[in-house]
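Visitor: Pasting in a structure now, in C-alpha cells, and then I'll have a few things to ask.
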Amino acid sequence: MGLRQSQEQRQIIGQRMYQYMDILAMNMDEINRYVDDAMRDNPLIELLSPPEHFTHYSDWDAERQDAFDRYSQQSAGGTLEAFLLEQIASLKLDESARSAVVYIICSMDENGYVPENIDCLNEKYSPACIHNALEIIQSLEPAGVGARSLGECLQLQLARNKESDPLLYTLAHDYMPRLCRGQFKHIAKELNLPVKRIEAAFKKMTGLQPKPGNGFGHSNYTNYAVADIELHYDNAAQKYAAVYPDDRYANIGLNDYYSLLISDSNTDAETRAYIKKKTDSAKWIIGCIQKRRDTLMSIAQLIAESRQQALRSVSAPIQPLSIDYAAERLNVSPSTVYRAIRGKYISTSRGVLSMAAFFDKAKLGAAPEAGLCRNDISLKIKSLIANETHPMSDSEISKSLEADGIRISRRTVAKYREEMHIPSSSCRVRIKSEDSI
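Residues in the sequence shown are numbered from 31 upward in steps of one, following our numbering.
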C-alpha cells in the first residue's frame, strides 16, 4: 500500500514537472490561451481583478486579425502584384491610367520597389502619366510600396503615419546613404544638431518597413511579435531595468466560493473530494505561471544589467550571453534558461527582439557565427564601413571579420551590405570623392 502511494506520488510529481516545463516554454499568445483553457476546465481558477485597460486575449486577437484583414492575401500565399491589382480593381481609372498603373505594378521587385528610371522604360507612357500612376500606387497598401529608393519608401510611411517631426523627413530624403553607414556625427554637424537627436530619429525610423513587399508570396506570413517582457529606462537610476507588462494571468487566483463550500458541513464527501482535487490542481497551475513570470523577469534583468551599452546605442553590437553563464547566475539549469527564452520576445530600445538574440546561438541550435546573430553581424559590417579610412571591398570586410572570429564569405558580406542599402566599395569611392569636392 505504502509502496503504491509512493509510486503514485512520484508519478504525479513527474507529470507536474513536465507541466511546468511546458508552461515555461509558452510565449505570450500561448500562455493567454492556456489560462483561458484552464479557467474553463477548472472552476476554481478565476480572474480576480483584471487591469482596466486590459483587453481579453480573444478580443485582442480579433482586433489584431481585423488589422491584418486587408493583407489576407499574404497569409493565403498571394503575391504583392495580385494584392495591388485587387486594390486598383475598385478604383475609377480611365484606360490609359489603369494601363500605366498595371505596367508599374508588374515592374516592381519582390520588395515593392520600382526602378528609379521607371519613367524612361516604356515610350508608351509619358513621364506625366507615369508620375500620376505612381501617386496612385503609393496611396495603396502596404505603406511604402511603389517607392524608387529606400528614402522615398520611408518618407511615404512617415506621411501615412502622419509623422510631425520634420527631421525624420529630412533624414529620409537627404541622408539615407550616410545614415545607413552610421555617420551620425557628420549628419549632426551638418544639421547643427546634437548627435543624440540624430540617433533618436534613426531609432524611430527603424520601426518602419524598408521592404514593404516582405511576407507576400509566402504562406508563413508572420504578424507582429508580442513582447513577453519589457526593458524600460529608469531615469532615476540611469539604467535599463526589466518590467513585466500588464497581463491578465498576473491576476488569476482561487475562487473564494469553493473555499466556503468545502468548509460547509452540508457539503457531501464526493463534492469535497472534487473541490480538493481541483484546488490542488489550481494552486499548482497558478504557481507554475507565477514561477514562469519570475524566471522571465530574472533573465530579462540579467540582460538589462549586463548589456546596458547595447541597449543605450542602436549601433552597438549585442554581445551574446552564454546560457551556462545565465543558468549559473540565476541558479537554475541551462535547460530552464533555454525553455524560458525560446519563442519569447522582449521590448527594448532597439525594438521588439527575440530573447534568443541576447544569447549564444551555438547553444540554441542555430547556425553560429562567433555566437552573433545576423543583425549583429550586419551592424559590425556597417561599423567597419563607417570607420573605414578607404572603401573596403567585401573580401577585405570578410577578412576583417574573420580576424574577430566571425567567418562569413565575401558573398555573404555583399548580401548583408546590400540588404542595408550600403553601396559597393567602388561606389563608396565615388561618394567620398564627391563629398570632398
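Just so you know, even glycine gets a beta-carbon here, dropped at the ideal spot from N, CA and C. Keep in mind that this is a model prediction, so the values were computed, not measured.
Nearest to GLU140 by alpha carbon, out of ILE118, PRO242, PRO73, ALA119?
Guide: Within the sequence shown, residue 140 is the residue found at index 110, counting from 1. The shortest CA-to-CA distance from GLU140 to any of ILE118, PRO242, PRO73, ALA119 is the one to PRO242.
Visitor: Could you give the C-beta distance for GLY174 and LEU186, rounded to a whole number, given that I count them as a contact under 8 Å?
Guide: The count along the sequence shown starts at 1 and reaches residue 174 at position 144. The count along the sequence shown starts at 1 and reaches residue 186 at position 156. Confirmed, about 5 Å.
Visitor: Round the Cβ separation of GLN331 and ALA271 to the nearest angstrom and send it over; I've been treating them as touching at under 8 Å.
Guide: Start at 1 with the first residue of the sequence shown, and residue 331 comes out as number 301. Start at 1 with the first residue of the sequence shown, and residue 271 comes out as number 241. Their Cβ separation, rounded to whole angstroms, is 7 Å, which keeps GLN331 and ALA271 in contact under 8 Å.
Visitor: Quick check: what's the CA-CA separation for ILE436 versus ILE348?
Guide: For the purposes of this step, residue 436 is identified with residue 406 of the sequence shown, where counting begins at 1. For the purposes of this step, residue 348 is identified with residue 318 of the sequence shown, where counting begins at 1. If I take the Cα positions, the gap works out to 14 Å.
Visitor: Starting from LEU326, follow the alpha helix (DSSP H) in both directions and report where the run begins and ends.
Guide: Indexing the sequence shown from 1 puts residue 326 at position 296. Run containing LEU326: 299–336, per the alpha helix (DSSP H) assignment.
Visitor: Taking the alpha carbon of PRO240 as the reference point, which residue from TYR274, ALA202, ALA130, ASP264 has its own alpha carbon closest?
Guide: Translated into the one-based positions of the sequence shown, residue 240 becomes position 210. Minimum Cα distance to PRO240 is reached at ALA202.
Visitor: Would you mind working out which of ILE376, ILE282, GLU448, TYR133 sits nearest ALA260, comparing C-alpha positions?
Guide: Position 230 of the sequence shown, counting from 1, holds the residue named residue 260. Per the sequence presented here, residue 260 reads as Glu, with Ala not at that position. For GLU260, the nearest C-alpha among the options comes from ILE376.
Visitor: Look up HIS262 in the DSSP assignment and give the residues it is bridged to.
Guide: In the sequence shown, the residue the question calls residue 262 occupies position 232. ALA271, per the DSSP bridge assignment.
Visitor: Mapping DSSP to helix, strand and coil, what is THR366?
Guide: Your numbering for residue 366 matches position 336 in the sequence shown. THR366 falls in the helix class under three-state DSSP.
Visitor: Buried or exposed: where does GLU93 fall if 16 or more other Cβ atoms within 10 Å of its Cβ makes it buried?
Guide: Mapped onto the sequence shown, residue 93 falls at position 63. Confidence at GLU93 is low in this model, with a pLDDT of 37, below 50, so the placement of that residue should be treated as unreliable; the coordinate-derived value is given next. It counts as exposed.
Visitor: Any chance the stretch 287–296 sits against the stretch 226–234, with 3 or more Cβ pairs inside 8 Å?
Guide: no
Visitor: Where does THR109 fall in DSSP's three states?
Guide: Along the sequence shown, read from residue 1 onward, the residue named residue 109 stands at position 79. Coil, per DSSP.
Visitor: Consult DSSP for ILE436 and reduce its assignment to one of helix, strand or coil.
Guide: Here residue 436 refers to the residue found at position 406 of the sequence shown. Coil at ILE436, not helix or strand.
Visitor: How close, in whole Å, do the beta carbons of ASN72 and ASP258 come, if the pair is a contact with beta carbons under 8 Å?
Guide: Your numbering for residue 72 matches position 42 in the sequence shown. Your numbering for residue 258 matches position 228 in the sequence shown. So it is not a contact: roughly 24 Å between Cβ atoms.
Visitor: Which whole-angstrom value is the C-beta distance of LEU54 and ARG359, which I expect to be below 8 Å?
Guide: In the sequence shown, the residue the question calls residue 54 occupies position 24. In the sequence shown, the residue the question calls residue 359 occupies position 329. Not confirmed; about 17 Å, so no contact.
Visitor: Below 8 Å between beta carbons: does that hold for HIS451 and LEU198?
Guide: Position 421 of the sequence shown holds residue 451. Position 168 of the sequence shown holds residue 198. No; because the gap between Cβ atoms is not below 8 Å, this pair is not in contact.
Visitor: Output the distance between the C-alpha atoms of ASP286 and ILE75, rounded to the nearest integer angstrom.
Guide: Locating residue 286 in the sequence shown gives position 256, where the first residue counts as 1. Locating residue 75 in the sequence shown gives position 45, where the first residue counts as 1. Their Cα atoms are separated by approximately 10 Å.
Visitor: Return the Cβ separation of PRO453 and PRO207 in integer angstroms, given the expectation that the two are a contact with Cβ distance under 8 Å.
Guide: Within the sequence shown, the letter at position 423 stands for residue 453. Within the sequence shown, the letter at position 177 stands for residue 207. That pair is a contact at about 7 Å.
Visitor: Would you say ARG128 faces chain D, with C-beta separation under 8 Å as the test?
Guide: The structure shown has no chain D; it contains just one protein chain.
Visitor: Am I right that MET385 and ILE407 are in contact with their C-beta atoms under 8 Å? What's the rounded C-beta distance?
Guide: For this step, residue 385 is matched to residue 355 along the sequence shown. For this step, residue 407 is matched to residue 377 along the sequence shown. Their Cβ separation, rounded to whole angstroms, is 19 Å, which puts MET385 and ILE407 out of contact at 8 Å.
Visitor: Within the same chain, show all residues whose beta-carbon is closer than 6 Å to that of CYS183, passing over the 5 residues directly before and after it, in chain order.
Guide: The count along the sequence shown starts at 1 and reaches residue 183 at position 153. Answer for CYS183: GLY174, ALA177, listed in chain order.
Visitor: Locate the beta strand (DSSP E) running through SER384, then write down its first and last residues.
Guide: Mapped onto the sequence shown, residue 384 falls at position 354. Residues 381–384.
Visitor: Beta-carbon separation of ILE315 and ALA112 under 8 Å?
Guide: Locating residue 315 in the sequence shown gives position 285, where the first residue counts as 1. Locating residue 112 in the sequence shown gives position 82, where the first residue counts as 1. Not closer than 8 Å, so no.
Visitor: Can you find the residues in the same chain that come closer than 8 Å, C-beta to C-beta, to CYS159, ignoring five residues on each side of it along the sequence?
Guide: Counting from one through the sequence shown, the residue named residue 159 turns up at place 129. The residues are SER126, ALA127, ALA130.
Visitor: Rounded to the nearest angstrom, what separates SER455 and VAL225 at their Cα positions?
Guide: On the sequence shown, position 425 is the one that residue 455 refers to. On the sequence shown, position 195 is the one that residue 225 refers to. In a straight line, the C-alpha of SER455 is about 26 Å away from that of VAL225.
Visitor: From the DSSP output, in three-state form, read off SER454 for me.
Guide: Here residue 454 refers to the residue found at position 424 when the sequence shown is read from its first residue. Annotated three-state conformation of SER454 is coil, per DSSP.
Visitor: Per DSSP, GLY283 forms a beta bridge with which residues?
Guide: Counting from 1 along the sequence shown, the entry for residue 283 is found at position 253. DSSP lists GLU76 as the beta-bridge partner residues of GLY283.
Visitor: By the 10 Å Cβ neighbour count, where 16 or more other Cβ atoms means buried, how is MET138 classified, buried or exposed?
Guide: In the sequence shown, counting from the first residue as 1, residue 138 sits at position 108. Per the 10 Å Cβ criterion, buried.
Visitor: Based on the DSSP output, what are the partners of SER377 in its beta bridges?
Guide: As a position in the sequence shown, residue 377 is number 347, starting the count at 1. Answer is GLU260, VAL382.
Visitor: Taking the alpha helix (DSSP H) that TYR133 falls in, what are its first and last residues?
Guide: In the sequence shown, the residue the question calls residue 133 occupies position 103. Unbroken alpha helix (DSSP H) run through TYR133: 125–137.
Visitor: So what does DSSP say about TYR143, is it helix, strand or coil?
Guide: Locating residue 143 in the sequence shown gives position 113, counting from the first residue. In the structure shown, TYR143 sits in a strand (DSSP, three-state: E or B).
Visitor: Would you report the Cα separation of SER328 and ARG342, rounded to the nearest angstrom?
Guide: On the sequence shown, residue 328 is found 298 positions in, with the first residue counted as 1. On the sequence shown, residue 342 is found 312 positions in, with the first residue counted as 1. C-alpha separation (whole angstroms): 20 Å.
Visitor: Identify the continuous alpha helix (DSSP H) that holds ASP157 and give its terminal residues.
Guide: For the purposes of this step, residue 157 is identified with residue 127 of the sequence shown, where counting begins at 1. Looking at the sequence shown, residue 157 is not Asp but Pro. Where PRO157 is concerned, the enclosing alpha helix (DSSP H) starts and stops at 157–167.
Visitor: Looking at the structure shown, is ALA356 part of a helix, part of a strand, or coil, going by DSSP?
Guide: Here residue 356 corresponds to residue number 326 of the sequence shown, with the count starting at 1. Helix at ALA356.
Visitor: Is it true that the CB of LEU110 sits closer than 8 Å to the CB of PHE246?
Guide: Stepping through the sequence shown from its first residue, residue 246 is reached at position 216. Stepping through the sequence shown from its first residue, residue 110 is reached at position 80. Cβ atoms of PHE246 and LEU110: closer than 8 Å.
Visitor: Can you tell me whether PRO172 is buried or exposed? The criterion is at least 16 other CB atoms within 10 Å of its CB, across all chains shown.
Guide: Numbered from 1 along the sequence shown, position 142 holds the residue referred to as residue 172. PRO172 comes out buried.
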